[in-house]
Amino acid sequence: MRAQLIPVDGSAAIVIVKDLTVVGRKDDCDIKLDHKSVSKQHCAIVRSDGMLMLRDLGSTNGTRVNGTRVRRAALLPNDQLTISHFQFRVAMGPDPVVDQPAGPHEHTVAIDGAEFERILQARALEKPKREMMQRNQLPDSYE
Numbered sequence: 629m630r631a632q633l634i635p636v637d638g639s640a641a642i643v644i645v646k647d648l649t650v651v652g653r654k655d656d657c658d659i660k661l662d663h664k665s666v667s668k669q670h671c672a673i674v675r676s677d678g679m680l681m682l683r684d685l686g687s688t689n690g691t692r693v694n695g696t697r698v699r700r701a702a703l704l705p706n707d708q709l710t711i712s713h714f715q716f717r718v719a720m721g722p723d724p725v726v727d728q729p730a731g732p733h734e735h736t737v738a739i740d741g742a743e744f745e746r747i748l749q750a751r752a753l754e755k756p757k758r759e760m761m762q763r764n765q766l767p768d769s770y771e
């Protein structure tokens, strides 16, 4: 899965490449937002099983998803993430496909019915995760 934070101000998109990305003011953060209202380690973004999760790391000014202050939240495509006065749109999609020439190692593989059923069941187990993400069920609100 390819995930990006696209700044609302039109500056360059930030590609989330690591499974754990720390956002904050410190130099050793993966995404550095240089402003005094951003905590040293403000929040973390976790990529796991095709999902993108956000966790506030006890920041002073909070982290917001779609205007709601959250401690943790599932990030969905087109969500608006606000860290201090920095605003981003979340973009997610499949990894870019790299064309490679076909080689002698590529061939058709036959699988038996039991293996086919195992693959179908594994995909069926992924469906509840996707549905949970579509409802954005993880936020802890401060309301």
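This note's numbering numbers the first residue of the sequence shown as 629 and each following residue consecutively.
By construction, the Cβ of each residue, glycine as well, lies at the ideal position given by its N, Cα and C atoms.
Worksheet item: Do the stretch 643-654 and the stretch 662-679 touch if we need at least three Cβ pairs shorter than 8 Å?
Response: yes
Fill in: For residue 640, three-class secondary structure by DSSP
Mapped onto the sequence shown, residue 640 falls at position 12. Coil at residue 640, not helix or strand.
Fill in: Outcome for residue 693 when other beta-carbon atoms lying within 10 angstroms are tallied against a minimum of 16
Working through the sequence shown from its first residue, we reach residue 693 at position 65. Burial call: buried.
Practice prompt. To the nearest angstrom, report how far apart residue 638 and residue 644 are at their CA atoms.
Written response: One-based indexing of the sequence shown puts residue 638 at position 10. One-based indexing of the sequence shown puts residue 644 at position 16. Distance between the alpha carbons of residue 638 and residue 644 is about 17 Å.
Worksheet item: Just reading off the beta strand (DSSP E) that residue 676 is part of, what are its end residues?
Response: As a working note, residue 676 is residue 48 in the sequence shown. Per DSSP, residue 676 belongs to the beta strand (DSSP E) from 671-676.
Discussion item. Rounded to the nearest angstrom, what separates residue 673 and residue 680 at their Cα positions?
Written reply: Residue numbering aside, residue 673 sits at position 45 when the sequence shown is read from its first letter. Residue numbering aside, residue 680 sits at position 52 when the sequence shown is read from its first letter. In a straight line, the C-alpha of residue 673 is about 7 Å away from that of residue 680.
Worksheet item: Given that a residue counts as buried once 16 or more other Cβ atoms are within 10 Å of its Cβ, and exposed if not, what is residue 629?
Response: Reading the sequence shown from its first residue, position 1 is the one you call residue 629. Exposed, since its Cβ has fewer than 16 Cβ neighbours within 10 Å.
Worksheet item: Is it the case that the Cβ atoms of residue 659 and residue 691 are separated by a distance below 8 Å?
Response: In the sequence shown, residue 659 corresponds to position 31, counting from 1. In the sequence shown, residue 691 corresponds to position 63, counting from 1. No, these two residues do not count as a Cβ contact at 8 Å.
Worksheet item: Helix or strand or just coil, what does DSSP make of residue 653?
Response: For the purposes of this step, residue 653 is identified with residue 25 of the sequence shown, where counting begins at 1. Coil.
Fill in: Assigned secondary structure, residue 746 (DSSP; H/G/I helix, E/B strand, else coil)
Stepping through the sequence shown from its first residue, residue 746 is reached at position 118. Here residue 746 sits in helix by DSSP.
Discussion item. Checking the sheet assignment: what are the DSSP bridge partners for residue 695?
Written reply: The sequence position of residue 695 within the sequence shown is 67, counting from 1. DSSP, once it has assigned bridges, lists no residue as partnering residue 695.
Discussion item. Beta-carbon within less than 8 Å of residue 676's beta-carbon, same chain only, minus the 5 sequence neighbours each way: which residues are those?
Written reply: Within the sequence shown, numbered from 1, the residue matching residue 676 stands at position 48. Within the same chain, residue 676 has close Cβ partners 647.
Worksheet item: If we cut at 8 Å on Cβ distances, does residue 671 have a partner in chain D?
Response: No chain D is part of this structure, which consists of one protein chain only.
Worksheet item: Taking the continuous beta strand (DSSP E) assigned at residue 718, which residues delimit it?
Response: As a working mapping, residue 718 is identified with position 90 in the sequence shown. Looking at the DSSP string, the run of the beta strand (DSSP E) that includes residue 718 is 714-721.
Worksheet item: Does DSSP put residue 811 in a helix, a strand or coil?
Response: The first residue shown for the chain is 629 and the last is 771, placing residue 811 beyond what the model contains.
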